[in-house]
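J.: There's a structure below that I have some questions on.
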């Protein structure tokens with residue numbers, strides 16, 4: 001009986017949490033962050049085809065869904081480093097800006113995880 | 001003879017009303033009557049989240065007088081042309097055509113908007129003189145490489161070709177539209193003008209922000 005009461009209480013607390021903080025889920029936050037800050041270059045689905053993917057720029061945005069290429073990249077530099085310090089800091093394009101002064105550590109960690117999810121690597 | 005005091009009083013009231021109705025007030029009345037506030041807030045931005053920012057349908061105009069040149073406002077309001085390649089805050093959609101108003105109305109609204117200032121914008125911070133030599137080269141490097149502004153903003157090459165990204169406002173004619181002091185203040189503290197904006201917060205020195213702002217407003 002006590003166990004049932006505990007389960008019901010836990011369920012109520014969780015339900016309350018979802019109702020009061022509907023945006024608290026990490027994956028949902030990461031998707032929103034990606035769409036807002038990254039999709040302009042990398043595209044909403046991460047295929048490197050955002051609105052800024054124009055031929056006049058010296059490099060094309062990275063396709064985050066290219067598992068083989070992304071595996072090679074992450075072996076050299078963790079994605080979080082690129083997000084924080086920008087492309088130039090890891091010897092890649094200066095066009096990828098550093099986000100450490102714009103985003104919080106939690107936001108950058110969420111984006112790091114999201115990019116890992118996109119590349120399945 | 002008894003009518004004179006009534007006529008004089010009416011004239012005084014009319015004159016007082018005419019004098020006390022400033023051009024800015026006329027512009028404000030037009031701004032409100034045209035429903036501009038449905039897309040443009042005139043209250044300082046205070047977004048706590050991206051979701052709140054995304055609800056914005058057009059640029060915040062609470063600091064329009066610090067940001068835009070009055071002459072440009074007059075022309076643009078009467079004959080608006082898109083300065084973005086997508087709908088405001090929705091990159092996947094094409095922009096709507098902005099509503100135009102008559103030249104007379106545009107004059108009044110431009111006066112009203114030009115009176116909306118932000119105390120954070122330091123007047124005279126950026127020289128109106130053209131950058132020369134090393135400063136110009138440094139500013140161009142900042143714009144194209146070190147801070148890569150043109151990854152998101154379109155600019156014009158000396159040959160007149162438009163190049164660069166398309167997520168941010170077109171900067172190819174930025175000097176016609178923007179005030180250098182505002183560009184400098186924005187570069188130093190973008191979050192103040194556009195909390196949760198897409199533009200990254202750059203760690204620019206005062207000197208770099210000033211020459212970069214001067215470079216941006218040299219685009220005409």
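Protein chains in written order, with the working numbering: chain A, 1 to 121; chain B, 1 to 220.
Idealized CB from N, CA, C, for every residue including glycine.
#1: Buried or exposed: which applies to residue 59 of chain B, given that a residue is buried once 16 or more other Cβ atoms fall within 10 Å of its Cβ?
#2: Which residues bound the alpha helix (DSSP H) around residue 76 of chain B?
#3: Who are the neighbours of residue 121 of chain B on chain A, taking C-beta pairs under 8 Å?
#4: Are any of the Cβ atoms in chain B nearer than 8 Å to that of residue 82 of chain A?
#5: Have a look at B:212, B:191, B:173, B:104 and flag the residue whose alpha-carbon is nearest the alpha-carbon of residue 44 of chain B.
#6: I need the straight-line Cα distance from residue 33 of chain A to residue 131 of chain B, nearest angstrom please.
#7: When you check each C-beta in the segment 45-76 of chain A against every C-beta of chain B, which residues fall closer than 8 Å?
#8: Say whether the segment 46-55 of chain B touches the segment 124-144 of chain B, bearing in mind that this needs 3 or more beta-carbon pairs closer than 8 Å, one atom from each stretch.
#9: Can you find a CB in chain E that lies within less than 8 Å of the CB of residue 95 of chain A?
#10: Would you tell me roughly how many angstroms separate the C-alpha atoms of residue 72 of chain B and residue 111 of chain A, rounded to the nearest one?
#11: Say whether the segment 131-146 of chain B touches the segment 202-218 of chain B, bearing in mind that this needs 3 or more beta-carbon pairs closer than 8 Å, one atom from each stretch.
#12: To the nearest angstrom, how far is the alpha carbon of residue 108 of chain A from that of residue 95 of chain B?
#13: So, is the C-beta of residue 50 of chain B closer than 8 Å to a C-beta in chain A?
#14: Closest by CA to residue 122 of chain B, which one among B:205, B:39, B:194, B:188?
#15: Can the beta-carbon of residue 57 of chain B be found closer than 8 Å to that of residue 39 of chain B?
#16: Give the single residue among B:206, B:41, B:198, B:200 whose Cα lies nearest to the Cα of residue 116 of chain B.
#17: Going by C-alpha distance, which of A:87, A:53, A:49, A:74 is nearest residue 116 of chain A?
#18: Can you tell me where the alpha helix (DSSP H) holding residue 157 of chain B begins and where it ends?
#19: Can you list, in chain order, the residues of its chain with a C-beta nearer than 6 Å to that of residue 24 of chain A? Leave out the 5 residues immediately preceding and following it.
T.: Concretely, from the data shown:
#1: Here residue 59 of chain B corresponds to residue number 59 of the second chain, with the count starting at 1. With 16 or more Cβ atoms within 10 Å of its Cβ, residue 59 of chain B is classed as buried.
#2: In the second chain, residue 76 of chain B corresponds to position 76, counting from 1. Per DSSP, residue 76 of chain B belongs to the alpha helix (DSSP H) from 70-78.
#3: In the second chain, the residue the question calls residue 121 of chain B occupies position 121. Annotation: residue 121 of chain B has no Cβ neighbours in chain A at a cutoff of 8 Å; minimum Cβ distance is about 21 Å.
#4: In the first chain, counting from the first residue as 1, residue 82 of chain A sits at position 82. With 8 Å as the cut-off, residue 82 of chain A does not count as an interface residue toward chain B.
#5: In the second chain, the residue the question calls residue 44 of chain B occupies position 44. Comparing Cα positions, the closest option is B:191.
#6: The count along the first chain starts at 1 and reaches residue 33 of chain A at position 33. The count along the second chain starts at 1 and reaches residue 131 of chain B at position 131. Roughly 37 Å between the two C-alpha positions.
#7: Hits within the stretch, in order: 50, 51, 52, 54, 56, 57.
#8: Output reads no: the segment 124-144 of chain B does not touch the segment 46-55 of chain B.
#9: The structure shown contains no chain E; the protein chains it does contain are A and B.
#10: Position 72 of the second chain holds residue 72 of chain B. Position 111 of the first chain holds residue 111 of chain A. Residue 72 of chain B and residue 111 of chain A: Cα-Cα distance of roughly 40 Å.
#11: In short, these stretches touch, since the Cβ pair count reaches three.
#12: Locating residue 108 of chain A in the first chain gives position 108, counting from the first residue. Locating residue 95 of chain B in the second chain gives position 95, counting from the first residue. Rounded to whole angstroms, residue 108 of chain A to residue 95 of chain B spans 30 Å at the Cα level.
#13: As a working mapping, residue 50 of chain B is identified with position 50 in the second chain. For residue 50 of chain B, at least one C-beta of chain A is nearer than 8 Å to its own C-beta.
#14: Reading the second chain from its first residue, position 122 is the one you call residue 122 of chain B. Cα-wise, what sits closest to residue 122 of chain B is B:188.
#15: Within the second chain, residue 57 of chain B is the residue found at index 57, counting from 1. Within the second chain, residue 39 of chain B is the residue found at index 39, counting from 1. It is a contact, given that the beta carbons lie within the stated cut-off.
#16: As a working mapping, residue 116 of chain B is identified with position 116 in the second chain. Closest by alpha carbon: B:41.
#17: Position 116 of the first chain holds residue 116 of chain A. Nearest C-alpha to residue 116 of chain A: A:74.
#18: Counting from one through the second chain, the residue named residue 157 of chain B turns up at place 157. Counting along the chain, no alpha helix (DSSP H) covers residue 157 of chain B, and no H or E run does either.
#19: Start at 1 with the first residue of the first chain, and residue 24 of chain A comes out as number 24. Any answer about residue 24 of chain A is weak, because its pLDDT of 39 lies below 50 and its placement is not dependable; what the coordinates show is given next. None.
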